[in-house]
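Mapping the sequence shown onto full-length UniProt numbering, position 109 (from 1) lands on 109, and the numbers just tick up by one.
For every residue, glycine included, the Cβ atom is placed at its ideal position computed from N, Cα and C.
This report concerns only the one structure given below.
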Amino acid sequence: MVMAAAIACGVDFGIYRSRGPRNVFFISGAGHFEADWHRLNSISRMPEFAAASALLERNLHFYHREHEQDPCVDLGSVVAQEAMRKSMPNGVDLIIVDWVPAFMRTKMGKLRPIPPYAWFNELNNEGIAVVAFDVLRTADRPPASETVAASTAYLTEDPHAPAQFGGGFLIERWRVGDPDYAARRSSFWHTIIGDEFEYGFSLADPDHVEKAGEIRKTEREIKLEVMLAQGIPQKDIAAELGVHKSTITRMKQEMEKAAKAEAEAEARDPRSQMNSWENVIPLGKHLREARRLEGGDGTAQS
């Protein structure tokens with residue numbers, strides 16, 4: 001979701017550099033609507049997004065399966081593909097599918113789940129970029145098909161991410177051709193403390209010789225934020241974290257400076273508080289209409 005917001009606003013996303021704002025359609029099947037709504041609002045209050053709230057509201061569109069109460073959307077089927085096309089905003093530049101298995105028919109009897117990668121390739125050929133997150137399986141390792149390689153980022157849980165207060169993933173993808181310079185492997189972490197959302201990257205890519213100046217929040221910094229929020233005295237925090245009290249004072253000053261910058265960004269643009277899920281797209285009605293016209297259950301396959 002933070003990737004979608006960054007691309008919609010045209011801001012750099014960690015190690016990935018922006019070339020300006022883009023029209024993004026985010027297809028969510030992995031999360032719960034209320035949790036995602038809370039996360040989106042936390043993201044929108046971050047300084048880099050609060051300063052571009054008009055772009056975020058205009059360029060970021062959603063389909064959320066739980067919100068639409070669609071029990072199953074099989075993007076391997078022609079019916080669901082056409083319904084999803086009708087739900088897309090005009091002029092979409094990028095489609096992000098947050099969890100491919102959520103949009104595949106489950107194995108039942110002789111029916112075989114059909115992955116939607118052929119459809120993603122269709123969209124690529126029409127000039128629409130697709131980023132799809134899936135499980136990395138042995139069969140997907142090189143030599144993978146160009147369609148899968150170009151469209152998919154594989155996620156593995158990062159054991160070094162701040163699991164107690166957030167989470168993180170190792171992101172792995174395969175390069176397609178010489179012009180593909182993006183990192184093959186990187187680590188993404190996120191944390192939510194109260195209403196505050198933070199994230200960062202580190203590179204795990206031997207093909208990248210340069211050291212990226214990305215911020216990686218340590219467990220110690222996260223614990224400090226939590227303990228300060230609980231009103232624990234700084235000397236007790238220093239003893240708990242095994243550092244000098246002056247270190248806690250310095251870290252606290254840096255946090256207050258960042259919070260002040262965020263508050264100033266919100267004050268410059270009051271609409272930064274108003275981002276919501278108004279752009280959620282009603283795919284459900286398109287699916288029901290498509291099935292009604294077909295006179296069946298909409299399980300035609302591509």
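*In angstroms with no decimal places, state the Cα-to-Cα distance between Gly91 and Asp74.*
Within the sequence shown, the letter at position 91 stands for residue 91. Within the sequence shown, the letter at position 74 stands for residue 74. About 24 Å.
*Gly242 to Ile7, Cα distance in whole Å?*
The residue given as residue 242 occupies position 242 in the sequence shown. The residue given as residue 7 occupies position 7 in the sequence shown. Distance between the alpha carbons of Gly242 and Ile7 is about 40 Å.
*Which runs of the alpha helix (DSSP H) fall wholly inside the segment 9-80 and span at least 4 residues, in chain order?*
With a minimum length of 4 residues, the continuous alpha helix (DSSP H) runs that stay inside the segment 9-80 are 33-44, 47-50, 53-59 and 65-68.
*C-alpha gap between Lys260 and Leu293, whole angstroms*: Here residue 260 is taken as the residue at index 260 of the sequence shown, counted from 1. Here residue 293 is taken as the residue at index 293 of the sequence shown, counted from 1. Between Lys260 and Leu293, the C-alpha separation is close to 56 Å.
*Mind checking Arg45: buried by the 16 CB within 10 Å criterion, or exposed?*
As a first step, residue 45 is located in the sequence shown; it is residue number 45 there, counting from the start. Around the beta carbon of Arg45, 16 or more other beta carbons sit within 10 angstroms, so the residue counts as buried.
*Reduced DSSP secondary structure (H/G/I, E/B, other) of Val130*: Locating residue 130 in the sequence shown gives position 130, counting from the first residue. In the structure shown, Val130 sits in a strand (DSSP, three-state: E or B).
_Applying the 10 Å Cβ sphere with the 16-neighbour rule, what's the burial state of Ile232?_
Mapped onto the sequence shown, residue 232 falls at position 232. Exposed, since its Cβ has fewer than 16 Cβ neighbours within 10 Å.
_Terminal residues of the alpha helix (DSSP H) in which Phe120 lies_ = Within the sequence shown, the letter at position 120 stands for residue 120. Counting along the chain, the alpha helix (DSSP H) containing Phe120 begins and ends at Tyr117 to Asn125.
*Assigned secondary structure, Ile248 (DSSP; H/G/I helix, E/B strand, else coil)*: For the purposes of this step, residue 248 is identified with residue 248 of the sequence shown, where counting begins at 1. In the structure shown, Ile248 sits in a helix (DSSP, three-state: H, G or I).
*Beta-carbon proximity check, Leu60 vs Phe26, cutoff 8 Å*: Here residue 60 refers to the residue found at position 60 of the sequence shown. Here residue 26 refers to the residue found at position 26 of the sequence shown. The answer is yes: Cβ separation under 8 Å.
*asked:* Quick check on DSSP: helix, strand or coil for Arg105?
replied: For the purposes of this step, residue 105 is identified with residue 105 of the sequence shown, where counting begins at 1. Correct three-state label for Arg105: coil.
*Tyr117 to Val11, Cα distance in whole Å?*
Position 117 of the sequence shown, counting from 1, holds the residue named residue 117. Position 11 of the sequence shown, counting from 1, holds the residue named residue 11. Cα to Cα, the separation comes out at about 28 Å.
*DSSP state of Ile95 mapped onto helix, strand, coil*: Position 95 of the sequence shown, counting from 1, holds the residue named residue 95. Strand at Ile95.
*Just the Cα atoms here: how many angstroms apart are Asp98 and Ile114?*
Indexing the sequence shown from 1 puts residue 98 at position 98. Indexing the sequence shown from 1 puts residue 114 at position 114. Here the alpha carbon of Asp98 sits roughly 17 Å from the alpha carbon of Ile114.
_Cβ-heavy atom distance, Met46 to the ligand SAH, below 7 Å_ = No copy of the ligand SAH appears in this structure; indeed no ligand is present at all.
_Straight-line gap, Met1 to Leu40 (C-alpha atoms, nearest Å)_ = As a first step, residue 1 is located in the sequence shown; it is residue number 1 there, counting from the start. As a first step, residue 40 is located in the sequence shown; it is residue number 40 there, counting from the start. When rounded, the distance between both Cα atoms is 7 Å.
*Can you pull the DSSP bridge partners for Gly168?*
Residue numbering aside, residue 168 sits at position 168 when the sequence shown is read from its first letter. BP columns for Gly168 point to Trp189.
_Lys235 versus Gly20, Lys245 and His64, residue with shortest Cα-Cα distance_ = Position 235 of the sequence shown, counted from the first residue, corresponds to residue 235. Checked all of Gly20, Lys245 and His64; the closest Cα to Lys235 is Lys245.
*What residues match up with Gly200 in a beta bridge as DSSP calls it?*
As a position in the sequence shown, residue 200 is number 200, starting the count at 1. Secondary-structure assignment with DSSP links Gly200 through a beta bridge to Trp189.
_Measuring only the C-alpha atoms, how far is Glu172 from Met3?_
Taking the first residue of the sequence shown as position 1, residue 172 is located at position 172. Taking the first residue of the sequence shown as position 1, residue 3 is located at position 3. If you take the alpha carbons of Glu172 and Met3, they lie about 15 Å apart.
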